[in-house]
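Undergrad: First residue of the sequence shown? That's 1 in the UniProt record's numbering, and the numbers climb one at a time after it. A virtual CB, placed ideally from N, CA and C, is assigned to each residue, including glycine.
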Amino acid sequence: MNATPDNPRDLFEAALALAPAERGAWLAEHCRDDAQRAEVLRLLAADADTGERLLDEPFDQLLGRVGEVEAPPQPLPHGTLVGDYTLIERLGEGGYSVVYRAEREQAGVCQAVALKLLHRGLHTPEEQRRFRDERRALAQLRHPGIARLIEGGVTDAGVPYIALELVDGEPITDYARTHRLDLRARLRLFVAVCRAVEAAHRALIVHRDLKPSNVLVTRDGEVKLLDFGIAKLLDAGDDATRTQRQAMTPAYAAPEQFALGQITTATDVYALGVLLGELVTGQRRAPGDAHTPSSRIGEDTDESLLPAPARVVRRQLRGDLDNIVLKATAAEAERRYASAGAFADDVERHLAGQPVQAHPPSRWYRARKFVARHRGGVASSALFLVAILAALALALWQAHRAEVQAQRAQVQARRAEAVQAFLGDVFRANSRNQPDAAKARQTTARELLDLGAQRVDGAMTDVPEAKLSVLQLFAQLYDDLELADEALRVRRQAVELARGVYGASSPQVADELVHLASAMQSSRATGDERKAVLEEAGRILDAQGDVDSPTRGAWLRRQAEYYWNYDPPRAYDYARRAVRLFEAKPPSVDLADSLLSAGIQALQLHKLAEATAAFAHAIEIAKVVPDAAPNAVKYYAYLGEAQSQQLDLAGAERSLRAAWTMARRDSGAEHIDVLQTQQRLGGLLCDMGRMQEGLELLRGAKQLAIKLRGADDPFHTRAVLSALGRCEANAGDLAAALADAQAATAIDRKNRPGSLDLALRLEREAAVLIELGRDAPAQADLDEAAALRTQAKQPRGSEAFAANLRLQTTLALARGDLARARERLGELQADLGDAAVSFDRLDRRLLAAEVALAAGDATGAAVEADAAVQAIARSGQTDALDAWSARAALDAGRAALLARDTATALPSLHRALDLRRKLLLPASPKLAEAMIALAGAELDHGDRAAARVLAADAASIHAAQPELGDQYRRPLRDLQARVRAE
């Protein structure tokens, strides 16, 4: 017996399922007091417009907002002009719009439309801009089964309107009843609905409010969907972490709509499932009812609503159709059909008498959920094995259709028995290892997984297919637990077993090899190993003539990941091929991940606009494809990196904070996604001059990386060490910077020799060595990095090589080698023009100023420094570029001093020192550098006391640095000599 609902939402939904005449008595019996009853009655009254129950607010806000929504406009008289349209008659009113028949004359032709005036006004420019953007996207949606959006706009009063194709039809449920359609005819009609929805989903447009009144059937029997995407036009914003208002009809709304969760294509699949249930049973499912459609047909069911007599319909629905509806309406979005097209395919399989994909809830899903819940905790051995491994055994022998051959059933039975025997062995082994029953029950999920992985090697030898399934599950569970090396070990076993089971040249082996290559990426496997694995997989796919399977697409992505380090143009080509392959299919997580890969390769080649577009497209897919939603963290993180490189620093910070917030919300505080996004955000803040914030985040990320992956992890830990070392160097903590930079270099030298990753680590290490005055090892690092870049087809004139040349210029200046500094600076691209400002361009400008200063060219230095100042001002982000402003002011002040213009020099140098005091650590040599320059100007100005104080402060900073380059020491010595002389 179900518990009596006790909160307004449940009471509201339960009352909706009753006949209106029954609601009053039911509420009187079930509401705890008059106030609660009054609240529910208010909701019912607000929802009772045309028989379709529309909820236009999140439920937890609705109680306080009933009556606050803008009042529906007064009926407009015949002949009123709205845009170019003349209103003819009012057709009806819904929860968020009033609909009119309207007409307009175009080239002598009268066009009739359904014109909707939305209740919600759009009064701000941003709201109206978003409305226009969404309107343009929807206007491009073309499908014979979707009523076309013709035009839209906003009246002078801020009232949005849309003109839609005028459809003469009736709701699909009414059509099925009035035309006495049998079950097969109803199913064929439903397939047409799914195909129309699928077309919209391919365009990344989700309906959000599918229901019978939005699915019309014309007199010719053609399906026409109304209001596609209209609900999205009402959204107030598009921030990744906002809570949005969601238009929905409760009886057809998915759980995520009530929970203010992410709206995806799965939301529409859920509504389609409810619609199918209503279409085949003749009755709408009560909210929250998880019973099968066949069980909802009773002896008292009105048979005039059914496609056949009740007993016949019950028999027709049992099995396939029950499972199809249950799969589509699963509470968890990931358990539903992957797309409306997949839903239609399963219905068509049923119509053709073929086995369907729908079946009772997957044990694999339950196993993965279990591991996610117990990622860092303890689970009893019995619970863990029953939830994960025993579930796998049951999954190997699910209920079969009657027509399945007996031999196949026997094979499945043997597999199940073998897995169950294996499970028993793991149980017993755990008990033997822990004779104390209490301790055995406290075995962690990781320990049990390790035990199972150890014992699987000699198990199930007579049913290798079952063993392969277990290995695949173990590998995925290790990956979920972020245990890369363990996952890699099991993937290797799976490849060898697949070779024995299916043959060395089979598609199954190719698939396992691609999974193995993926596992290698974040493990200690060498680049040569990955290359060999990918080459073998490629040969198999070629021999099979496989050019467009998901395995081929995954192989292309893995190739792109590999060649990122060795041949960026080739990596870019592989990634773009993967995108093209998956673009030919419905939107999917594979397409989103391929776009991510293509964007990463475009970043490497400095194709910044292309990279930004790829990441933004991946984010849009993640908004509508449930399987892609968990990866949105990565998409936002890389979007932030692309924005940063284009100096859209505010946008970059928003994207990275969104990614970091999502990672912590979805995965908890200790997860790889949290680590990666925290590292990127910390690095960005350091680049923006917010050193203390950045250092705090990066130091936390370092601790987390070591905790999760170990101090010598070849992927995550070395990336954090490298980013932290760079920030520490810029902030002035040179000893810590060198330790972290060298640790990162050592990891890449061991695990990624000959790679572009190693080149980057060497360059970052060289930057610290230059600060410390270790010129010879710095030059060696830069030369090695240059050779690696040349080997990877990044020639000296390329954008990718520019960072190396800038560091070589800096090193030559530190050594006092002006000729070499000029030579290296000359190798950098000379045409800086008026192109968009970037960190690289600012660095080149200021390097040019510093070379001019070293040459005694005051005019040249002033020109370059002023150009940098103007570029920063043009960026519109001066606050985010304080570190660069400080350097530009310092160079400008030194140029003025060189020109003996003390009056101009002093304000520039004061600004440089003020900014560096705000940004840098107290012991930073760059802070002392600004003090020394200002002290010289004060001496020129005649203020010896101020100069002595500044010189003493600079000397204290130098004394705190046990090791420091002569480019810092020499100016202090010269200043001290001047102070003594005066």
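Can you say whether C31 is buried or exposed, counting buried as having 16 or more other CB atoms within 10 angstroms of its CB?
TA: Buried, by the Cβ-count rule.
Undergrad: Thinking C-beta only, is G682 closer than 7 Å to G694?
TA: Contact: yes.
Undergrad: Might you give, ordered along the chain, the residues of its own chain that have their beta carbon closer than 6 Å to the beta carbon of E165, omitting 5 neighbours on each side?
TA: So the qualifying residues of the chain are A147 and R148.
Undergrad: Would DSSP call W364 helix, strand or coil?
TA: For W364, the pLDDT reaches just 49, beneath the cut-off of 50, and the residue's location in the model is therefore unreliable, leaving the point undetermined.
Undergrad: Hey, how far is the Cα of F801 from the Cα of Q794?
TA: So the two alpha carbons sit approximately 6 Å from each other.
Undergrad: Tell me the residue span of the alpha helix (DSSP H) that contains R680.
TA: From DSSP, the alpha helix (DSSP H) with R680 extends over I672 to D687.
Undergrad: Taking the alpha-carbon positions, what's the R284 to A15 distance?
TA: Near 14 Å, if we compare the C-alpha coordinates of A15 and R284.
Undergrad: Along the alpha helix (DSSP H) that carries C727, what are the first and last residues, could you check?
TA: From DSSP, the alpha helix (DSSP H) with C727 extends over H716 to A731.
Undergrad: Between the beta-carbon of V514 and the beta-carbon of R570, is there less than 7 Å?
TA: Their beta carbons are not under 7 Å apart, which means V514 does not touch R570 by this criterion.
Undergrad: What's the gap between the Cα of R101 and the Cα of D156?
TA: Computed Cα separation, rounded: 21 Å.
Undergrad: Tell me whether the region 574 to 582 and the region 542 to 556 touch, counting them as touching only if at least three CB pairs, one residue from each stretch, are closer than 8 Å.
TA: Counting Cβ pairs under 8 Å, three or more are found: they touch.
Undergrad: Give me whichever residues DSSP pairs with M460 in a beta bridge.
TA: M460 is not bridged to any residue.
Undergrad: Within the region 559 to 630, note down every full beta strand (DSSP E) run reaching 3 residues or more, in order along the chain.
TA: Those beta strand (DSSP E) runs which fall completely within the region 559 to 630 and span 3+ residues do not exist here.
Undergrad: Within 10 Å of its beta-carbon, does E982 have 16 or more other beta-carbons around it, so buried, or fewer, so exposed?
TA: Under this definition E982 is an exposed residue.
Undergrad: Specify whether the region 213 to 230 and the region 172 to 180 touch according to this definition: at least 3 beta carbon pairs, one from each stretch, less than 8 Å apart.
TA: Result yes; three or more Cβ-Cβ pairs closer than 8 Å.
Undergrad: Among residues of its own chain, excluding the 5 on either side of R948, which ones have a beta-carbon nearer than 7 Å to its beta-carbon?
TA: V979, listed in sequence order.
Undergrad: Give the straight-line distance between the Cα atoms of S667 and L972, rounded to the nearest whole angstrom.
TA: The straight-line gap from Cα to Cα measures roughly 51 Å.
Undergrad: From V191 to R318, what does the alpha carbon distance come to, in whole angstroms?
TA: The straight-line gap from Cα to Cα measures roughly 19 Å.
Undergrad: Please name the residue in I619, L483 and Q646 whose C-alpha comes closest to that of Q877.
TA: Residue Q646 is the option with its Cα nearest to Q877.
Undergrad: What first and last residue would you give for the alpha helix (DSSP H) that runs through G545?
TA: No alpha helix (DSSP H) holds G545; DSSP gives it neither H nor E.
Undergrad: Using the C-alpha atoms, what's the distance from A659 back to L675?
TA: Going from the Cα of L675 to the Cα of A659 covers about 11 Å.
Undergrad: Could you have a look at residue 1028 and say whether DSSP puts it in helix, strand or coil?
TA: Residue coverage of the chain in this structure runs from 1 to 982, which leaves residue 1028 outside it and unanswerable.
Undergrad: Could you check what DSSP says for C110 in three-state terms: helix, strand or coil?
TA: Looking at C110 - three-state DSSP - the assignment turns out to be strand.
Undergrad: Count the other CB atoms, across all protein chains shown, that sit within 10 Å of the CB of S295; report buried if there are 16 or more and exposed otherwise.
TA: So S295 ends up on the exposed side.
Undergrad: Return the chain-ordered list of same chain residues with a C-beta closer than 6 Å to the C-beta of E486, the five sequence neighbours on each side being excluded.
TA: Result list for E486: Y478, in chain order.
Undergrad: Are there 16 or more other CB atoms within 10 angstroms of the CB of R916, so buried, or fewer, so exposed?
TA: Buried: at least 16 other Cβ atoms inside 10 Å.
Undergrad: Threshold first: 4 residues or longer. Then list the alpha helix (DSSP H) segments lying entirely within the region 294 to 341, N to C.
TA: Within the region 294 to 341, the complete alpha helix (DSSP H) runs of at least 4 residues are 310 to 317 and 320 to 328.
Undergrad: Do V768 and A729 have their beta-carbon atoms positioned less than 7 Å apart in this structure?
TA: Going by C-beta atoms, A729 is nearer than 7 Å to V768.
Undergrad: Would the beta-carbon of L782 fall within 7 Å of that of L807?
TA: Cβ atoms of L782 and L807: closer than 7 Å.
Undergrad: Grab the span of the alpha helix (DSSP H) containing I872 for me, first residue to last.
TA: Unbroken alpha helix (DSSP H) run through I872: A858 to S875.
Undergrad: Alpha carbon to alpha carbon, what distance is there between A736 and P777?
TA: Approximately 18 Å, taken between the alpha carbons.
Undergrad: Helix or strand or just coil, what does DSSP make of V82?
TA: In the structure shown, V82 sits in a strand (DSSP, three-state: E or B).
Undergrad: From L272 to P75, what distance separates their C-alpha atoms?
TA: If I take the Cα positions, the gap works out to 33 Å.
Undergrad: Measure from the alpha carbon of E447 to the alpha carbon of each residue in T461, L481 and L842, then state which is nearest.
TA: The candidate whose alpha carbon is nearest that of E447 is L481.
Undergrad: Go ahead and label C686 buried or exposed: buried means 16 or more other beta carbons lie within 10 angstroms of its beta carbon, across all protein chains shown.
TA: Classification for C686: buried.
Undergrad: For R530, which residues of its own chain have a beta-carbon under 6 Å away from its beta-carbon, when the five flanking residues on both sides are left out?
TA: Same-chain partners within the cutoff: A517, M520 and Y562.
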